[in-house]
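Under this note's numbering, the first residue of the sequence shown is numbered 415, with each subsequent residue one higher.
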Amino acid sequence: MPEMSGEPPDIEEALLRRAGTRTAAPAAIRSNREAISVELALTVFRQMLRTRALEERSIKMSKSGEAYFWIGGPGEEAFNVCLGLQVHKGRGPAFDYLHLHYRNAGVMLAMGMPMIDHTRQLAMRWTDRHSRGRNFVGHYAIPEWNVVPVSSVIEIQYAMAPGTALVQKRHGLKNPAEAEGISIVVGGDAGTAEGDFETCLNWSTRPGQELPVLMVVTNNRFGISTDMDTVHAHRPIADRADPYGVRHETIDGNDPVAAWHGIQRAMRYVRRERKPFLLEATVSRLHGHSSSSGAQRNWTETDTLAAFEQKLIDAGAIDTASVRALRDEAKKEADDAVVQTMTEPQPTREDVYTFTYAESEVDAVYPKDFTGLPGN
Ligand SMILES: Cc1ncc(C[n+]2csc(CCOP(=O)(O)OP(=O)(O)O)c2C)c(N)n1
Numbered sequence: 415m416p417e418m419s420g421e422p423p424d425i426e427e428a429l430l431r432r433a434g435t436r437t438a439a440p441a442a443i444r445s446n447r448e449a450i451s452v453e454l455a456l457t458v459f460r461q462m463l464r465t466r467a468l469e470e471r472s473i474k475m476s477k478s479g480e481a482y483f484w485i486g487g488p489g490e491e492a493f494n495v496c497l498g499l500q501v502h503k504g505r506g507p508a509f510d511y512l513h514l515h516y517r518n519a520g521v522m523l524a525m526g527m528p529m530i531d532h533t534r535q536l537a538m539r540w541t542d543r544h545s546r547g548r549n550f551v552g553h554y555a556i557p558e559w560n561v562v563p564v565s566s567v568i569e570i571q572y573a574m575a576p577g578t579a580l581v582q583k584r585h586g587l588k589n590p591a592e593a594e595g596i597s598i599v600v601g602g603d604a605g606t607a608e609g610d611f612e613t614c615l616n617w618s619t620r621p622g623q624e625l626p627v628l629m630v631v632t633n634n635r636f637g638i639s640t641d642m643d644t645v646h647a648h649r650p651i652a653d654r655a656d657p658y659g660v661r662h663e664t665i666d667g668n669d670p671v672a673a674w675h676g677i678q679r680a681m682r683y684v685r686r687e688r689k690p691f692l693l694e695a696t697v698s699r700l701h702g703h704s705s706s707s708g709a710q711r712n713w714t715e716t717d718t719l720a721a722f723e724q725k726l727i728d729a730g731a732i733d734t735a736s737v738r739a740l741r742d743e744a745k746k747e748a749d750d751a752v753v754q755t756m757t758e759p760q761p762t763r764e765d766v767y768t769f770t771y772a773e774s775e776v777d778a779v780y781p782k783d784f785t786g787l788p789g790n
């Protein structure tokens, strides 16, 4: 059996601080008819706070000139953290593959990625482990965790996910004890209008060849500046799975309790049945599309973090002093990551072709020349 992802990050500190509250601590945090334990709720909350701190610091970097472009997921913290905490993390087909979008910092932080792995890419440093300072922020690539490189070309991740899922299905048939790995693919609502989305539905449902793909659509209702009401006659988007006989659900991605259970249900189905599932999560977009549109805060959208904070306080699960302490801690972590990042070198001119082409036996024309440029 593959190992589960690492234990939820340490929340002892938050719990200790909570001990100071005079309200009796509840056993669970509820939403409609679902609930999660207080321990899990505090873990999710802390990861949401860390993600928000990192995103806000990232926006500041793009405004101050420490970075050149920002895109990310403020407003998606609840869904992304709940997803990251439930991933079976590891390398190879026994574990989950992640085909992510460019708004998934919360997934990665919840999986255990340090903040500096994000800020190094944002500031285009040579120390950036994902792309050596040559890709946009949020374009993660971590082979040890099956995190497939994020692409700026939207939606192609949906055409790639059936590939890793096919490997996983075959691997599971040969190794029944390792048959729980799934391929998780995440994209936005606007991108679902592209053919790659349909490709995923089609390739995951060939009769007798169904594939363990968890298709996720984080629906923030916009494609850059285009309102989905002007382009999608059909909704909810999850219904697009119907003609393929794919199970689907639309959940409130701003509600951590709903998100946790929606993801858990979908994952359980894909892991056990080895068949696809389409999960649509409605989310907010709190700072517009990217720094290219200014990244101003949109105060009309629901703020999942503020709402969850209030819910935890109202339930007596945490007090305001503890919230402040956790927020300060998260901000300091982000600040420290930036300070360290800015001391590190950027790639040089000479680095441009490094890692561009792999050494190849078939390179008979220019042997030992992997730059692809004659005479270089
Ligand atoms: C194939 C392709 N077409 C267009 C673009 C330009 N583009 C970048 S992000 C984006 C909007 C995507 O919207 P959505 O899929 O809803 O995701 P969101 O950014 O809202 O999370 C577009 C059109 C692109 N990067 N790739």
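In this text, a Cβ means the ideal position worked out from N, Cα and C, and glycines have one as well.
Same chain, Cβ closer than 8 Å to residue i, five either side skipped, listed in chain order
| i | result |
| --- | --- |
| Arg-505 | Pro-557, Glu-558, Trp-559 and Asn-560 |
| Thr-435 | Here Thr-435 scores only 47 on pLDDT, less than 50, and its place in the model should not be relied on; the value that follows carries that caveat. Gly-730, Ile-732, Asp-733 and Ser-736. |
| Gly-601 | His-515, Ile-568, Glu-569, Gln-571, Tyr-572, Phe-611, Val-630, Val-631 and Thr-632 |
| Val-645 | Ala-604, Ala-607 and Gly-637 |
| Ala-709 | Ile-473, Ser-476, Lys-477, Trp-484, His-701 and Gly-702 |
| Asn-589 | Ala-508 |
Same chain, Cβ closer than 6 Å to residue i, neighbours up to 5 away in sequence not counted
| i | result |
| --- | --- |
| Glu-608 | Glu-569 |
| Met-529 | Leu-468, Glu-747, Ala-748 and Ala-751 |
| Thr-770 | none |
| Thr-664 | Pro-650, Ala-652 and Glu-694 |
| Ala-521 | Residue 521 is actually Val in this sequence, not Ala. Taken in chain order, the residues that qualify are Asn-494, Leu-497 and Gly-498. |
| Val-581 | Pro-507 |
| Asn-634 | Val-697 and Arg-699 |
| His-662 | Ala-652, Ala-655 and Leu-692 |
| Arg-534 | Thr-541, Asp-542 and Thr-755 |
Neighbourhood of residue i by C-beta, 7 Å cutoff - its chain only, sequence neighbours within 5 removed
| i | result |
| --- | --- |
| Leu-700 | Pro-488, Gly-489, Arg-711, Asn-712, Glu-715 and Asp-717 |
| Asp-669 | Ser-445 and Ala-492 |
| Met-525 | Ser-419, Gly-498, Val-501, Lys-503 and Trp-559 |
| Cys-614 | Tyr-572, Ala-573, Ala-575, Pro-576, Val-599, Val-627 and Met-629 |
| Asp-424 | Residue confidence for Asp-424 is low, a pLDDT of 48 falling below 50, so the modelled location carries little weight and cannot support an answer. |
| Arg-471 | Ala-748, Asp-749 and Val-752 |
| Phe-722 | Phe-459, Met-462, Ala-492 and Pro-670 |
Given residue i as reference, the closest of the options once Cα atoms are compared
| i | options | result |
| --- | --- | --- |
| Gln-571 | Asp-656, Val-631, Arg-546 and Gly-520 | Val-631 |
| Gly-622 | His-662, Gly-595, Leu-523 and Lys-583 | Lys-583 |
| Ala-695 | Ser-478, Ala-720, Glu-470 and Arg-649 | Arg-649 |
| Gly-595 | Val-684, Ala-680, Ser-566 and Ser-618 | Val-684 |
| Tyr-516 | Arg-548, Ala-537, Leu-523 and His-553 | His-553 |
| Phe-550 | His-675, Met-756, Arg-466 and Ser-476 | Ser-476 |
| Gly-659 | Pro-690, Arg-471 and Ser-478 | Pro-690 |
| Ser-698 | Thr-465, Arg-447, Phe-509 and Phe-636 | Phe-636 |
| Glu-453 | Val-671, Gly-667 and Gly-479 | Val-671 |
| Arg-464 | Ala-680, Val-562, His-544 and His-532 | His-532 |
| Asp-742 | Arg-460, Arg-534 and Gly-702 | Arg-460 |
| Arg-688 | Arg-620, Thr-762 and Arg-466 | Arg-620 |
| Ser-706 | Ser-478, Phe-483, Ser-451 and Arg-466 | Phe-483 |
| Thr-762 | Gln-535, Arg-548 and Leu-523 | Arg-548 |
| Leu-523 | Arg-679, Val-562, Arg-466 and Asp-510 | Arg-466 |
Cβ distance (whole Å) where residue i is taken to contact residue j below 8 Å
| i | j | result |
| --- | --- | --- |
| Ala-791 | Phe-493 | The requested residue 791 does not occur in the structure, where the chain is confined to residues 415 to 790. |
| Asn-731 | Pro-440 | A small correction: the amino acid at residue 731 is Ala; Asn does not occupy that position in the sequence shown. That pair is a contact at about 6 Å. |
| Leu-625 | Ile-598 | In fact, because the Cβ distance is near 12 Å, the residues do not count as touching under 8 Å. |
| Leu-692 | Ala-655 | 4 Å |
| Ala-593 | Gly-586 | 3 Å |
Sub-7 Å separation of residue i and residue j beta-carbons
| i | j | result |
| --- | --- | --- |
| Asp-603 | Met-642 | yes |
| Gln-760 | Arg-546 | no |
| Ser-704 | Ile-485 | yes |
| Ala-449 | Ala-442 | yes |
| Val-564 | Leu-512 | no |
| Trp-617 | Pro-576 | yes |
| Thr-541 | Glu-758 | yes |
| Thr-755 | Ala-537 | yes |
| Met-462 | Leu-719 | yes |
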